[in-house]
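These notes concern the structure reproduced below.
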Amino acid sequence: MQAITTWWNIIAQANIFRLIRQLWRITLKHMQIVEELQNGQLGYLINQTRNALFAAVDKEMQPLDLTASQYVVVVGAIRERARTVNEYCQLVGIEAGPMSRLLDRMEAKGIVRKVRDLEDRRQVNVTLTEKGVALYPQITAAIQKVYGQLLSGFSEQEALALKHALEKMLLNARQQDL
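Counting from 1, position 50 in the sequence shown corresponds to residue 49 in numbering that gives the first Met the number 0; the numbering is continuous, with no gaps.
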């Protein structure tokens, strides 16, 4: 009986050592990932991905005579995410001067209409014209093509995990005022 107990203790200890070794490997891997992220890899990858996304969107929008930023304006108007120049600045992520010039170009193309707010003359409201609304289905098809290219090789689960991770990072950044 003593031999069985000793043998069992040896097996149990071996399993514990195996478990400790696995945990140590996981910890080392986690530390390595954190170190890579701290060395700027994450920011670099996010920035490069954003640049590649905008370049791909610009390319797909060319036949529609739009840019990636102009695409965001059209979609923002359709989905009612922005109404004023200031709201579009926040949506697109550019300052008021460049946004005004971007909207001026879109107005010259007949895509948007800028009108001073009757109640607050400091505000300029932006609405889509019929031409702007008519572009939306073509924009949607072009964007789906871009996303399809960028997500090729991703499983549905991986694509959803990426979306959730980015949403979580954005929420964390907004909560921390980063």
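Just so it is clear, CB atoms sit at the ideal spot from N, CA and C, and this is done for glycine as well. As the structure is a prediction and not an experimental result, all values here were calculated from the model.
- Item | Within the segment 100-124, ranges of the beta strand (DSSP E) (whole runs, at least 3 residues) | 111-115
- Quick one: Cα of ARG115 to Cα of ARG82, how far? What you label residue 115 is simply residue 116 of the sequence shown in a count that begins at 1. What you label residue 82 is simply residue 83 of the sequence shown in a count that begins at 1. The alpha-carbon atoms of ARG115 and ARG82 are separated by roughly 12 Å.
- Task: Tell me, please, which residues DSSP counts as bridged to THR83.
- Result: Walking along the sequence shown from the start, residue 83 turns up at place 84. Paired residues: ASN124.
- Query: Using the C-alpha atoms, what's the distance from ALA76 back to GLU157?
  - Reply: The count along the sequence shown starts at 1 and reaches residue 157 at position 158. The count along the sequence shown starts at 1 and reaches residue 76 at position 77. Answer to the nearest angstrom: the Cα atoms are 30 Å apart.
- Do you know whose CA, among ILE45, ASN46, GLN47, ALA54, lies nearest ALA141's CA? As a working note, residue 141 is residue 142 in the sequence shown. Minimum Cα distance to ALA141 is reached at ALA54.
- From ALA107, GLN143, GLN122, pick the residue whose C-alpha is nearest to that of THR128; which is it? Start at 1 with the first residue of the sequence shown, and residue 128 comes out as number 129. That would be ALA107, whose Cα lies nearest to the Cα of THR128.
- Nearest neighbour of LYS58, chosen from MET105, ARG49, GLU118, VAL145 [CA to CA]: Here residue 58 is taken as the residue at index 59 of the sequence shown, counted from 1. Checked all of MET105, ARG49, GLU118, VAL145; the closest Cα to LYS58 is VAL145.
- Query: How is ARG49 classed by DSSP in three states: helix, strand or coil?
  - Reply: Looking up residue 49 in the sequence shown gives position 50. ARG49 falls in the helix class under three-state DSSP.
- Message: What does the alpha-carbon distance come out to for the pair LEU101 and ASN124?
- Response: In the sequence shown, the residue the question calls residue 101 occupies position 102. In the sequence shown, the residue the question calls residue 124 occupies position 125. Rounded to whole angstroms, LEU101 to ASN124 spans 14 Å at the Cα level.
- Query: If you compare alpha carbons, which of ALA164, GLN148, LEU149, LEU134 is closest to PRO62?
  - Reply: Within the sequence shown, the letter at position 63 stands for residue 62. Closest by alpha carbon: LEU134.
- Do you know whose CA, among VAL111, GLN122, LEU65, lies nearest ALA95's CA? Against the sequence shown, residue 95 aligns to sequence position 96. Closest option to ALA95, Cα to Cα, is GLN122.
- Task: Could you say which of ALA172, GLU166, VAL132, GLN148 lies nearest to GLU79 if we only look at CA atoms?
- Result: If you number the sequence shown from 1, residue 79 lands on position 80. Looking at the Cα atoms, VAL132 is the closest of the given residues.
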